[in-house]
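The sequence shown begins at 1 in full-length UniProt numbering and counts up one residue at a time.
The beta-carbon is built from N, C-alpha and C at its ideal position, and this holds for glycine as well.
Read through the structure below, which is laid out as structure tokens, and then see the notes.
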Amino acid sequence: MLPIFKDDPRLCWHESVIMNRINAFRGWKEQFRKNEGGMDKFAEGYKTFGFQRHESEQKWTFTEWLPEARKAFLIGDFNNWENTHPLKPGEFGRWSIDLPDNGDGKWVVPHRSQFRVRVQTQFGTVERVPAWAKLAWQNPDVNVFNGVMWEPQPSERYVMRHERPERPANLKIYEVYLGIAGTEERTHTYLEFKEVLPRIKRLGYNALQIMAVAEHAQQSSFGYQVTNFFAPCSRFGSPEELKELVDTAHAYGLTVLMDLVHSHCSSNQTDGIAAMDGTEHCYTHGGEKGKQDQWGALLFDYGKYEVLRFLLSNLRWWIEEYGFDGFRFGGVTSMLYISHGIGKHFGDDYHQYFGLDADIESGTYLMLANYLVKRLLPRSGLTIAEDFSGMPTLCRTVDEGGFGFDYCLSVNIPGMWTKMLQEQLDETWSVSHIEETLQRRRFKEPCVAFSECHDQAIVGSRTLASCLMEAEMYAHMSIDGPQSMVIDRGLALHKMIRLVSMALGGEGYLNFMGNEFAHPDCVDLPSQDNGWSFRNAIRRFDLPDADDLKYKFFEAFDEAMLALDNRFQFMASPRSFCSRKDDFDKVLAFEQGDCLFVFNFHPTTSYTDYRIGHSWNEGLRVVLDSDDACFGGQNRLQSTLGRSFLPLDGWDSRYYSTNLFLPSRTAQ
């Protein structure tokens, strides 16, 4: 019996559906072994498709998968976009052309040449950016993208110099969108972001999650409408500069994750892979099955051999060519269910997960993808799932019968905080509800906790800082200027919310760039709706560096709480116990690893000699105090600093206890 059935007997009722997925996974592995020599070779499609150099024969070949094409031509600025270079049809829908070097030894398609494929189909003639293009550039005159021949000379190629770090045991992710990583109102670059890496390292993060890496024609999509899957986003710089950024991050000991979109592709046929061969069922399903109407996107056909080659090769490409250490898989809920989870309210009924709505083909692909990443990167490979449904076994290993992810994002946590801040008075908060929501995760399935990510930072949503302080941030963040009770409350709760989310919400933690210091503005990327403005497409890293502004207090606390975990490793500890959740007193106390966390969420009441149960027959001392003056607090625990709190008799179902002073709206 597989371990997942032993650990969760309720899964036994759905064994047939689960085994269908597992057997499909095994079946594909066997096919790859027989046909390709194994999955590793199968996932090297980038060595067959696109441009391939054959130095011994002094030529290039170009190959594209166009199963429904009648004729195909390679066109570009090298041949004045004429039909002078026809592709020849081969087996399995492949079309290819040999491109011998010119008599003077120069390539027919030089480095930096722009190109497309012109495809004649039964419905007419279409032009496409080749699916395996390594780079795509936008033509500013007509605002469309073309593929780019990117093959720099050896002296111009960036060579990785630093080893990958091992997979972090206490994962702390800094989520970034590179284009906004500066104070100037313009698109920022790969190389400019290198200057932010020392800040990320200093703060205590050990992983970098980069959004919008793959090329996307629609900038305002934040990279979630991918058009060119093998091409790094050209807005931020060249492929070599992306490699330099990843390598520099490795030099700082940072694991580098790519925000990956394999749940769908852009419906943009002009710039992307949609209807690549002129039909709607090339890489995607045809008809309504191939549409995700909520996103205006198309859905991959994971049951096709060549689609699996394309996607699995894409994973390997980003790992081997650019040095990425893993992936955050977006849109996983849409993949897991035929309904894409739309209109479903997931709960404890396992029929919702494993009934007729289960998408076996998509689930099988996720197993294959996770299996491949772990094979390629056994010591450093890391995968994270964005799933809103709570699918059981998502973060169990493939060998155990699970989907194979290392972590799942705790997407329920930000919604809880937003709802409480917008709909409830502080006096009515339930610490029991907070504890139960933060602890809601499946046995043996690690989660990444976060109180906010990019979703809360983009225009139309609200960050914690926005919910807590609103317009007061623009008038009362000066340390020496007029003071505001709104800012005082916001600073206190911002610290408490982030700490309790990290300490109790998961085995990993995530923060979106700028939120650590309560960035005052939302993110609004240039689009037609805002007149292509960069006004809110920036991050004000200068704010926490200013000695006269309170932003520095937010960042200082973020750094301190990450240092606390780096010191005590409490997030990764299996030892956890909640000893008190008192909704009347608004006190929440719990043990996590070697630390005792005590939160007093009451807005006005402080407690003297408040008894807290715990497990340690030894003196306790405060190692982090949210009310410390260095974090903008009132320093009400000043008299207790350095003091050892001696253990008392048992309390709250624990062997020992301690009397503590709990100032209002503080954590220690």
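Return the residue from the list the options that minimises the CA-CA distance to residue i.
| i | options | result |
| --- | --- | --- |
| Asp545 | Phe554, Gln292 and Ile538 | Phe554 |
| Ile338 | Ala369, Leu372, His285 and Gly272 | His285 |
| Gly490 | Pro140, Tyr224, Met477 and Val500 | Met477 |
| Ala251 | Gln218, Asn228 and Leu208 | Leu208 |
| Asp426 | Val129, Ala274 and Pro603 | Pro603 |
| Arg94 | Lys106, Ile75, Glu68 and Asn80 | Glu68 |
| Arg21 | Gly401, Val500, Ala385 and Gly633 | Gly401 |
| His188 | Ile538, Arg112 and Leu66 | Ile538 |
| Leu178 | Met276, Lys172, Asn170 and Lys194 | Lys194 |
| Ala475 | Gln456, Leu549 and Asp406 | Leu549 |
| Tyr655 | Thr666, His345, Gln638 and His614 | His614 |
| Leu493 | Tyr407, Asn35, Thr666 and Ala572 | Thr666 |
| Glu435 | Ala449, Ala385, Arg396 and Ser389 | Ala449 |
| Arg167 | Asn206, Leu660, Ser533 and Arg26 | Asn206 |
| Tyr46 | Lys6, Thr255 and Glu306 | Glu306 |
| Asp357 | Lys374, Arg375 and Ser389 | Ser389 |
| Gly593 | Thr605, Ser606, Leu377 and Pro574 | Pro574 |
| Phe123 | Pro100, Lys243, Arg10 and Thr279 | Thr279 |
Mark residue i as exposed unless 16 or more other C-beta atoms lie within 10 angstroms of its C-beta, in which case mark it buried.
| i | result |
| --- | --- |
| Asp547 | exposed |
| Asn102 | exposed |
| Trp13 | exposed |
| Cys630 | exposed |
| Met258 | buried |
| Pro198 | exposed |
| Ser644 | exposed |
| Val142 | exposed |
| residue 757 | Residue 757 lies beyond the stretch modelled for the chain, which goes from 1 to 668, so this question has no answer here. |
| Asn23 | exposed |
| Glu185 | exposed |
| Thr463 | buried |
| Val587 | buried |
| Leu368 | buried |
| Leu646 | exposed |
| Phe92 | exposed |
| His351 | exposed |
| Ala503 | buried |
| Val623 | exposed |
Starting from residue i, trace the alpha helix (DSSP H) both ways and give me its first and last residue.
| i | result |
| --- | --- |
| Ile497 | Met485 to Leu504 |
| Asp583 | Taken as a continuous stretch (DSSP letters only), Asp583 belongs to no alpha helix (DSSP H), as it is neither H nor E. |
| Phe25 | Glu15 to Glu36 |
| Glu516 | Note, Glu516: premise wrong, no alpha helix (DSSP H); not H, not E. |
| Gln456 | His454 to Ala457 |
Would you tell me roughly how many angstroms separate the C-alpha atoms of residue i and residue j, rounded to the nearest one?
| i | j | result |
| --- | --- | --- |
| Asp348 | Leu543 | 45 Å |
| Pro520 | Gly272 | 35 Å |
| Ile612 | Thr658 | 5 Å |
| Gly90 | Ser96 | 7 Å |
| Glu452 | Leu299 | 28 Å |
| Glu55 | Asn79 | 22 Å |
| Ala181 | Lys201 | 16 Å |
| Leu87 | Gly37 | 28 Å |
| residue 669 | Arg580 | Lying before the first or after the last residue shown, residue 669 is absent from the chain, which here runs from 1 to 668. |
| Asp247 | Leu191 | 11 Å |
| Glu470 | Asp627 | 22 Å |
| Arg567 | Val144 | 51 Å |
| Val17 | Tyr365 | 15 Å |
| Thr63 | Leu468 | 55 Å |
| Cys522 | Lys34 | 52 Å |
| Glu127 | Lys134 | 17 Å |
| Val159 | Glu472 | 48 Å |
| Ala275 | Trp28 | 25 Å |
| Asp609 | Gly415 | 34 Å |
| Phe584 | Asp406 | 38 Å |
| Thr84 | Leu74 | 8 Å |
| Val459 | Phe229 | 26 Å |
By the DSSP assignment, the beta strand (DSSP E) with residue i in it spans what residues?
| i | result |
| --- | --- |
| Ser466 | No beta strand (DSSP E) contains Ser466, which is instead part of the alpha helix (DSSP H) from Leu464 to Met469. |
| Ala207 | Ala207 to Ile210 |
| Pro526 | Premise fails: Pro526 is in no beta strand (DSSP E) and is neither H nor E. |
| Trp150 | Trp150 -> no beta strand (DSSP E), and no H or E assigned at all. |
| Leu662 | Tyr656 to Leu662 |
Please find out if some non-hydrogen atom of the ligand GDP comes closer than 8 Å to the beta-carbon of residue i.
| i | result |
| --- | --- |
| Val109 | By its list of ligands, the structure shown contains no ligand whatsoever, and the ligand GDP lies outside what it can speak to. |
Exercise. Curious, which full-length beta strand (DSSP E) runs of at least 3 residues does the stretch 65-101 contain?
Worked result: The beta strand (DSSP E) runs lying completely inside the stretch 65-101 and spanning 3 residues or more are 71-76 and 94-100, given in chain order.
Problem set entry | Unbroken stretches of the alpha helix (DSSP H), 4 residues or longer, contained in the stretch 395-423 | 412-423
Problem set entry | Every unbroken alpha helix (DSSP H) within the stretch 238-291, with a cutoff of 4 residues, ordered by chain | 239-251
Exercise. What runs of the beta strand (DSSP E), each 3 residues or longer, lie entirely inside the stretch 522-576?
Worked result: none
For this session: Only counting runs of 4 or more residues, tell me where the alpha helix (DSSP H) segments fall wholly within the stretch 346-400, in order along the chain.
Result: The alpha helix (DSSP H) runs lying completely inside the stretch 346-400 and spanning 4 residues or more are 351-354 and 360-376, given in chain order.
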